[in-house]
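J.:
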Amino acid sequence: MPEYREKLWASPAPFLASALLMPASILVFAPISMVWGIIIAVVLYGAAVLTLLLTAPVVSVKDGVFTAGRARIGTELIGEAVPFEAAEATLERGRRLDARAWLLIRGWIRPVVRVPIEDPQDPAPYWLVSTRHPTTLAAAINGSRRPASSN
């Protein structure tokens, strides 16, 4: 069975944007104490960076289980995964999006994979998952589900 693992790290933009906490906190605390303003600025930026690193979800396919963040589903309960890039990915995240779909989308990762859910008890018609390697992820999902569907 094919395996796949990807951590959806943030792009540089959120790290740069959170750096704006530093001058803002220095500006607020400078009238009280410049030293404490700098210390608080560094701590706030460190906390923002740590949060971005620790909350990055993992997308994986292993041992017949597809995992996207905290959600898990057996590959025998999913249909054929379809990768989308560029304008097609934008349409999938926007105008084509079903409100019932389960989403693991990161704004800094444009490509997505749509994974149909064939479990009649699941209210979500499909999962839409951000990935930097949509073709590879879709191939791993589809390769993983073939043996289960032949049972």
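Here the sequence shown is numbered in the numbering used here, starting from 1208 and rising by one per residue.
Cβ coordinates follow ideal geometry from the N, Cα and C atoms, glycine included.
Do E1210 and V1268 have their beta-carbon atoms positioned less than 8 angstroms apart in this structure?
T.: It is a contact, given that the beta carbons lie within the stated cut-off.
J.: Look up W1243 in the DSSP assignment and say whether it is helix, strand or coil.
T.: W1243: helix per DSSP, three-state reduction.
J.: Look at the Cβ atom of A1331, then the Cβ atom of W1309, and state whether they are nearer than 8 angstroms.
T.: Their beta carbons are under 8 angstroms apart, which means A1331 touches W1309 by this criterion.
J.: Expressed to the nearest angstrom, what Euclidean distance is found between the alpha-carbon atoms of P1318 and L1298?
T.: Cα-Cα distance, rounded: 11 angstroms.
J.: Note down, in chain order, each residue of its chain lying with its Cβ closer than 8 angstroms to the Cβ of P1221, except the 5 sequence neighbours on either side.
T.: Cβ neighbours of P1221 beyond the five flanking positions: L1259, W1315.
J.: Measuring CB to CB, does A1346 end up less than 8 angstroms from R1321?
T.: For A1346 and R1321, no; Cβs fall outside 8 angstroms.
J.: Suppose the cutoff is 7 angstroms on Cβ atoms and the five residues either side in sequence are ignored; what does the same chain contact list for I1247 look like?
T.: Result list for I1247: S1232, F1236, in chain order.
J.: For a test of the three-state rule: what should DSSP assign to G1276, helix, strand or coil?
T.: In this structure, G1276 counts as coil in the three-state DSSP scheme.
J.: How many whole angstroms separate the CB atoms of T1282 and I1348, which I take to be in contact at a CB cut-off of 8 angstroms?
T.: Indeed, because the Cβ distance is near 7 angstroms, the residues count as touching under 8 angstroms.
J.: Thinking C-alpha only, which one of A1296, A1255, V1242, T1262 is nearest T1342?
T.: If we check each option's Cα against that of T1342, A1296 comes out closest.
J.: Looking only at its chain, what residues have a beta carbon closer than 8 angstroms to the beta carbon of G1276, apart from the 5 residues adjacent to it on each side?
T.: Counting only Cβ-Cβ distances below 8 angstroms, and skipping sequence neighbours, we find P1264, V1265, V1266, L1311.
J.: By the three-class DSSP mapping on this structure, what secondary structure does R1212 have?
T.: Looking at R1212 - three-state DSSP - the assignment turns out to be strand.
J.: Apart from the five residues just before and just after D1326, which ones in its own chain have a Cβ nearer than 6 angstroms to its Cβ?
T.: The answer, listed in chain order, is L1284.
J.: Evaluate V1242 with the Cβ neighbour count: other Cβ atoms within 10 Å of its Cβ, from every protein chain shown; 16 or more gives buried, anything less gives exposed.
T.: Flag for V1242 reads exposed.
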